[in-house]
Each structure stands twice: as structure tokens, then as C-alpha cells.
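Data block below; observations after.
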Amino acid sequence: MAVIEIENVTKIYQMGETTVAALRGVSLQVEKGEMVSIMGPSGSGKSTLMNIIGCLDQPTEGVYRLDNVDVSKMNDDELADIRNKKIGFVFQSFNLLPRTAALAQVELPMIYAGAPDRRKRALDALQQVGLGDRVHHRPNELSGGQQQRVAIARALVNHPAIMLADEPTGNLDSVSGEDIMNIFKRLNREQGMTVILVTHDPDVAAHAARVIHVKDGKVTV
Amino acid sequence: MNLFESFRIALQNLSANKLRSGLTMLGVIIGVGAVIALVSIGRGAQEAITNQIQSVGTNLLYVRPGAANQNGVRGQEGSAGTLTLEDAAALQDVNGIVGVAPEIDSFAQLVAGGNNTNARLVGATSEFQDVRDFFPSSGEFINSGNVTARSTVACLGSAVAAELFPDEDPIGQSIRINNVPFRVQCVMESKGGTGFLSQDGQVIVPLTTAQTRLANAGRFRGSSNINVINLKIADLSQSDAITQQVGDILRERHRVAQDDFTVQSQQDVLSAATAVTDTLTMFLGGVAAISLLVGGIGIMNIMLVSVTERTREIGIRKAVGAKRRDILMQFLTEATVLSVLGGVIGILLGWGIALAMGSFQFGATQVKPTVDLSAVALAVIFSIAVGLFFGIYPAARAGSLRPIEALRYE
């Protein structure tokens, strides 16, 4: 069953007088429980595609169904809700809240979801990424790899349909990068979590079972 | 996200930046504190003046000579010598008037032994004490015999007595008023109040003695002038009708068409004074309100800086599911917490200032600042309003940030 269905999506940016077509008719599908990489050089439209998949942006034309719901015509608040419930983000620069303990970071999506048992679920999520003993540490007291693991815990705590990781190892040394990739693989294997890796690094992309190449606003494979 | 969550997050963010939050609040603290303190001073002044006026009694009418209008030159009210003792006698029979006390006023230098003081000199008749509701605390008030005989006896106001005879009983002592020797016959009860309006700073002598020996009373229509006729009326509600009758009688006696006198009730004096102090209070409060407004602009300024500074945080929150309303609420709550907290501290500060001042001399009046609960309520409402008003724009700006751009913001 496909969790992501993208049909002929285009994205055109208006930059003053000129228009820039970042995506020119992209179609792709990702099955539930798959681990795929989206690869492409910078300027390829890879980031635009990721923003659309992550419901941070909307296609100019075309249809995007996430978990069988057409999200391509939703308004901002509906999209916020989708991001909250269906998508877990992991960013290159971690994007944790400053001066906030790990536990509170992980509780954040549940606060906006109005979910009960926040503390217990946040502790569980931190346990899953191996940070059970660091729950009261703030970002500046954690290493890069640990910060990224907090971000992963935050991404998985609301049981999203997809986990979307944008260059998750880009700011990490190779050892911690390997750790992070192992966590993704484990989540994918043990919990059937759908993982989408966006990267330009072939070594990272190689962790995925399938690689989708993007070039000049199109999927080339 | 509920209100409690936004409140918690607001407190967290504010305490993460304590110095900045404190300085921002300072604007509101000073504004609200100034409103409370200054309005309290205004209210205190109002109370002081009202008390002084009311200590004289409220069921009184005063008849004063009108303006002098000689050869087309109009003088100030009270400058004409048109009221006489006979006028006073003629008002005795008006229905509703229960007492008539003619009075002349002057100032006098008092000397007793090595002490001296200045006091308001009042020439009065024996009716004065009943009409003004003002009795001796010791000794006997001026009687009609004293008036007829033009006796050189005096009744001292309590403050004057304390000034001249700090250590001894004044009764029977001799004093000099404008260099004329008098014997102290009584000391009046203390009416409280200070300054020009105080009755404790008077010295009372028989009217006739004052006319012949002390005051420079001119002659008018074959009789000595008087400055005031005090009328005590039985019922305050009749004061308009009695004022009318008094007017008729005096116009008839003076054979004038245009009034050469003024009838004023104690109520008129009170409302005139209250109007003045109300204006004073509003003026003080208004000046203070401007500083509160400036404090509000400070909040807006800091909130705008804060939104820019925390753009990335807003992006993160939106990425994990915060709606526009959640972000707006969060920043609005922060602004309101700042202003309300500032308001509460400001109230305590203003209250503290009002209490610390205790009471102070304002001109000739002793003022004790009174904290007005309505001013406190107003300050609270106003500071909430300031927070909402100046917080809404930065908060709306934060709420409408687009997540991709906010996340990309460095």
C-alpha cells in the first residue's frame, strides 16, 4: 500500500519578474514500510520535493496524497495538523529548541496534538534512541549525535506515517553518522516505519533499499 | 494547545531572558507605579480639602459683600463694604434660618510673653459658636455682654494656643493682639486640618472690639461693615429657597436691582474645591498614563525583536505541528504576562510610594496619599490592555511566518 502518491507535481516560484520551475512534473510512490533515498545535486529540486513531501509547501499543480489523504489543496492550519500527526522531521542542523531539555523537546509535538501521557511517551521515545539517561540535558550539553537522536525521538513520538530526514548526517562525524543511520534502519526494520532520506551523499543513500534520483526538477530513474 | 501550556511556555521564555524581560517590564512598572502614586496623591489632596471644608459644617450659608463697582471700575468679590450688622439682624426672622452670626475677618499679630504668631482674626458675636458648630474646649466663649462692652477678651484656636502657651494654661493669661492687650477667655476645640482653611489657627474676639480697636473696618450707611454673615439653616434641602429669600431682603434693604452681595452655601464651596482637585487628579493620572503608554511601546519593541530572534524556533514549532493560532497565542501570552506582571509590581511600587510618603505638606495643606482601589483596578485593566494591544502585532507577525522560510532563517 502506497503511503506517498505524487502525481505529476510541478512547483513554480515567482521571483520578481521571472518564474523558476523547481519541479517539472514529478511522479513517485513510496510504499508503507519502505526506506528510500531521494538523491540529487543542489539545485536539482530535491529540497523543493522534500518540502512538498513534508507538507511545508504545496505543489503549484498536481496531486499529492499522503496516507490516502489529498493534501495538495489544504490550508496552512490543516497542513500543520498533517505535519503534526503524519510526518516526523529530522533536519541536518537538528533544529532543537534552544535552552530546552530533551524531554521537553520530545513532548513538543504532543503538546500541539493535545495528546495525553506526554511524559511517559517522551521517555519511551528517548529510550528507543538510546538517550534514556540524558532526558534532562539541554542541546548545548549534548553532542551532535546525541542532539540528532533527540530530534529522531521527537520525530517518532507521534507515530507518524513517514519519517522525513534531510541530510541527517550532514553535520556529524562519520561514527555518529553511522549511529544515526543505524537508528533509522532499526526503526524501519523493527517498527515498519517508512523512512525517506534526502541527501546528496551516495554513501548515505546507499543505506536505503531504493534510491530516487532527482535532476533538473524531474525524477530520472 | 491550551492557555495553561502557552502560559507555561511564556514564563519559560521570559525567565530564559531575565534581564531583558525585567527591563521591558520596568516600563510598565514605572507607568503603573506612577499612575497609582500620583492618583493617590491627588485623592489625598482631595480628601484633605474636603475634610477641611466639611469640618466647618455643611448646613451653612455665607453672605458676602459683592464686588465694588465704583465709577465703572469693578473690584473683586468681597471688596465692597455693603454688608452691615443691621443686614444681619434683618435676616434673623427668615423662616428656616436658625442662627445668624455676623463676622469680620482680618489678620493679626499675637504676642504672649516671649512667643508670637500670626493668626486669622475673627470678630464674632456670641451666636458664632452655635452657628459654626465650633465650641470652646476650655473657658467660656464670648458672650453678648462682651460684645456690648467691647471687652478686650479673646478666644484662641487650639493651634494658636499651643503656639503661644506651649507649657501653661492659656485661660486668664494676657496677650497682645496688634499691640492691644487682651485677656484669654477660652481655647477653642480642635477641628483638625491645617493651613489657610484651618479653624485652629484663628483668634476670636468680640465683633465690636474688632471693629473699634483692631480691624480697619470702614463705615458704611452709618454702621460698621462686616465681611461675612454666617447663616445656619435647619434643613439643607431648603437652601435654595432660603438663598432666594435672603436675596430679596438684602436687595430691598440696599435698594439695588443688581446684587451687591453673594450668597454661597458650604456645598458650593465643597463642589468647587472638589472640581479643582478632580482636575488635579486627572492631570496627574494623565501624565502618568503617558509613561504607561511608553512602557507599552517598549513591550511591542521587545516582542518584535523577540519574534525576529526566535524565527527559527517558530519554524521548528510550526514544522512539528503548531498552528498560526498556537504561535500567536504564545507570543500574545508572553506580552500579556510581561505587562500584567509589570502592572502588579507597579501597583505594589505605587502603593509603597504612597504609603512611604505617609503625609506631607503640600502648600499649606497636609496631604495624606490615599490609594484608590478604583485606580488599582483601572491600572490592572489598563496594563492587560497594553499587553494585548502592543502584543497583538508582533504575535500576529510570528503566527503568519511561513515554516520553510522560518526554518531556513539564520
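Residue numbers (our numbering), protein chains in the order written: chain A, 3 to 223; chain B, 417 to 826. Every residue gets a Cβ at the ideal spot worked out from N, C-alpha and C, and that includes glycine.
Three-way DSSP call (helix, strand, coil) for residue i in this model
| i | result |
| --- | --- |
| B/Thr678 | strand |
| B/Tyr804 | Inspection of the sequence shows that residue 804 of chain B is occupied by Leu rather than by Tyr. B/Leu804: helix per DSSP, three-state reduction. |
| B/Thr564 | helix |
| B/Asn559 | coil |
| B/Gly539 | strand |
| B/Ala517 | strand |
| A/Lys220 | strand |
| B/Ala689 | helix |
| B/Thr533 | strand |
| A/Glu180 | helix |
| A/Arg212 | strand |
| A/Pro141 | helix |
| B/Ile763 | helix |
| A/Asn160 | coil |
| A/Phe96 | coil |
| B/Arg592 | strand |
| B/Pro785 | coil |
| B/Met698 | helix |
| B/Pro597 | strand |
| B/Ile587 | coil |
| B/Glu821 | helix |
| B/Ser553 | strand |
| B/Glu729 | helix |
| A/Gly90 | strand |
Rounded Cβ spacing between residue i and residue j (contact assumed at less than 8 Å)
| i | j | result |
| --- | --- | --- |
| B/Ile445 | B/Leu765 | 6 Å |
| A/Val216 | A/Ser46 | 5 Å |
| A/Met52 | A/Val200 | 5 Å |
| B/Gly759 | B/Ser799 | 3 Å |
| A/Asn86 | B/Gly815 | Wrong, their Cβ atoms sit about 16 Å apart, outside the cutoff. |
| B/Gly473 | B/Gln682 | 7 Å |
| A/Thr62 | A/Lys122 | Not quite, the Cβ-Cβ distance comes to about 43 Å (not below 8 Å), so this is no contact. |
| A/Lys253 | A/Arg26 | Not covered by the structure: residue 253 of chain A. The range shown for chain A is 3 to 223. |
| A/Ile40 | A/Lys48 | 6 Å |
| B/Leu709 | B/Ala812 | Not a contact, Cβ separation roughly 20 Å. |
7 Å CB neighbourhood of residue i in its chain, flanking five on each side removed
| i | result |
| --- | --- |
| B/Phe776 | Val783 |
| A/Glu9 | Ser29, Gly64 and Val65 |
| A/Ala127 | Val108, Ala155, Leu158 and Val159 |
| B/Thr440 | Gly714, Ile715, Ile718 and Leu754 |
| A/Val32 | Ala4, Val5, Ile6, Val38, Thr196 and Ile198 |
| A/Gly179 | Thr171 |
| B/Ala528 | Leu580, Phe581, Gln589 and Ile591 |
| A/Gln148 | Leu133 and Arg136 |
| B/Gly638 | Interpretation of B/Gly638 is limited by its pLDDT of 45, a score under 50 that renders its predicted location unreliable; the figure taken from the coordinates is listed afterwards. None. |
Cβ neighbours of residue i in the same chain (closer than 8 Å, five flanking residues each side left out)
| i | result |
| --- | --- |
| B/Val619 | Ala524, Leu526, Ala535, Arg536, Leu537, Val538, Ala570, Cys571, Leu572, Gly573, Val576 and Ile593 |
| B/Thr786 | Ser456, Arg459, Gly460, Glu463 and Ala770 |
| B/Ile587 | Ser554, Gly555, Val600, Gln601, Cys602 and Val603 |
| B/Ile469 | Leu613, Gln682, Val685, Leu686 and Ala689 |
Cross-chain neighbours of residue i in chain B, by beta carbon under 9 Å
| i | result |
| --- | --- |
| A/Leu125 | Those do not exist, as A/Leu125 stays about 18 Å from chain B at its closest Cβ, beyond 9 Å. |
| A/Ala163 | Residues of chain B passing the Cβ test: none, with the nearest at roughly 14 Å. |
Interface residues of chain A facing residue i [CB-CB closer than 8 Å]
| i | result |
| --- | --- |
| B/Val736 | Arg85, Asn86, Phe91, Leu110, Pro111, Tyr114 and Arg156 |
Beta-carbon proximity list for residue i, same chain, < 6 Å, skipping 5 on both sides
| i | result |
| --- | --- |
| B/Glu543 | Gly515 and Ala517 |
| A/Gln150 | Phe96 and Ile182 |
| B/Leu720 | Pro810 |
| A/Asp59 | Asn53 |
Proximal chain A residues relative to residue i, where beta-carbon distance stays under 7 Å
| i | result |
| --- | --- |
| B/Ala432 | Arg101 |
| B/Ile820 | Asn53, Leu58 and Asp59 |
| B/Glu421 | Ile113 |
Proximal chain B residues relative to residue i, where beta-carbon distance stays under 7 Å
| i | result |
| --- | --- |
| A/Ala82 | Lys734, Gly737, Ala738 and Lys739 |
| A/Asn142 | None at all; the shortest Cβ gap to chain B is about 13 Å. |
| A/Asp78 | Arg740 |
Amino acids of chain A, ordered along the chain, whose beta-carbon sits closer than 9 Å to that of residue i
| i | result |
| --- | --- |
| B/Glu725 | Neighbours of B/Glu725 on chain A: none; closest Cβ ~10 Å, over 9 Å. |
| B/Asp694 | Those within 9 Å of B/Asp694 in chain A number zero; the least Cβ separation is about 50 Å. |
Under 8 Å from the C-beta of residue i: neighbouring residues of chain B
| i | result |
| --- | --- |
| A/Asn97 | Arg728, Gly731, Ile732, Ala735 and Leu823 |
| A/Asp119 | Chain B residues near A/Asp119: none, gap ~15 Å exceeds 8 Å. |
| A/Asp218 | In chain order: nothing, as chain B lies at least about 21 Å away. |
Amino acids of chain E, ordered along the chain, whose beta-carbon sits closer than 9 Å to that of residue i
| i | result |
| --- | --- |
| A/Asp69 | Absent from the structure is chain E; the protein chains it does hold are A and B. |
Residue i beta carbon near the ligand COA (any heavy atom closer than 8 Å)
| i | result |
| --- | --- |
| A/Asp181 | This structure lacks the ligand COA, and indeed carries no ligand of any kind. |
- Hey, is the stretch 787-795 of chain B in contact with the stretch 754-764 of chain B, meaning 3+ C-beta pairs nearer than 8 Å? yes
- Query: Looking at C-beta atoms only, is the number of pairs between the stretch 168-176 of chain A and the stretch 193-207 of chain A that lie closer than 8 Å three or more?
  - Reply: yes
- When the Cβ atoms of the stretch 740-757 of chain B are set against those of the stretch 807-825 of chain B, are three or more pairs found closer than 8 Å? yes
- Task: Examine the Cβ distances between the stretch 123-137 of chain A and the stretch 76-95 of chain A and report whether three or more of them are shorter than 8 Å.
- Result: no
- Task: Examine the Cβ distances between the stretch 623-631 of chain B and the stretch 648-658 of chain B and report whether three or more of them are shorter than 8 Å.
- Result: Short answer: they don't touch.
- Task: Could you tell me whether the stretch 423-436 of chain B touches the stretch 655-672 of chain B, using the rule of 3 or more Cβ pairs below 8 Å?
- Result: no
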